[in-house]
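Below is one structure, written out as structure tokens; comments come after it.
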Amino acid sequence: MDVSMLEFRRTDDEVVVVNYMYYLHVLLAQPRAMEREFFKLRQLNPKNVIMLDCNANLNDSNFIKRLDDSFQYYSTVFHGIDEYDFRLENYRRREIGNIVGCEGRNRIVRYETLTQ
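What the sequence shown shows, in the working numbering, is residues 1068 to 1183, in sequence order.
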């Protein structure tokens, strides 16, 4: 979200709601991106913020641990996917490839648990 691009005026009876759906985990790959995003969010001053993201530890620097955690997480995800939803299945396959096949700046999918 780029708050500087938002040009609107709220009246007293209007509210702003921000919806982060499967977005915040991508910010973990960029230095200070999460802090910048939350700074913009504070500037916007929404009434409600909705955050939906995965609760999994798929950001470990140890490849074997990350592979094991990914297998456990995605085995339940794929079990719940309708066999006819090929777009979601292909999206998840690309995520898996990024989590277990990329390192450093090339790995952009970095799920963390809520406690992290």
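Glycine included, C-beta positions come from ideal geometry on N, C-alpha and C.
Comparing C-alpha positions only, which one of the options sits nearest to residue i?
i: Y1090; options: V1116, R1077, Y1141, L1134; result: V1116
i: I1175; options: Y1087, V1083, N1126, V1085; result: N1126
i: E1179; options: V1085, L1111, T1078, S1128; result: S1128
i: S1142; options: I1163, E1102, N1173; result: I1163
i: Y1087; options: C1121, D1079, P1098; result: C1121
i: R1160; options: V1144, F1106, A1100; result: V1144
i: L1111; options: R1077, I1166, R1172; result: R1077
Would residue i and residue j qualify as a contact pair, given that the criterion is a beta-carbon distance under 7 Å?
i: A1096; j: R1154; result: no
i: E1104; j: L1094; result: yes
i: N1124; j: D1136; result: yes
i: V1085; j: K1114; result: no
Per DSSP, which one or two residues make a beta bridge with residue i?
i: V1084; result: N1115
Helix, strand or coil for residue i? Go by DSSP, reduced to three states.
i: V1167; result: helix
i: V1144; result: helix
i: Q1110; result: helix
i: Q1139; result: helix
i: Y1124; result: One detail in the question is off: residue 1124 reads as Asn in this sequence, not Tyr. Reduced to three states, the DSSP call for N1124 is coil.
i: R1103; result: helix
i: E1179; result: coil
i: L1155; result: helix
i: R1077; result: coil
i: L1095; result: coil
i: N1173; result: helix
Quick check: is any heavy atom of the ligand GTP less than 6 Å from the C-beta of residue i?
i: R1177; result: Of ligands this structure carries none, so the ligand GTP is not represented either.
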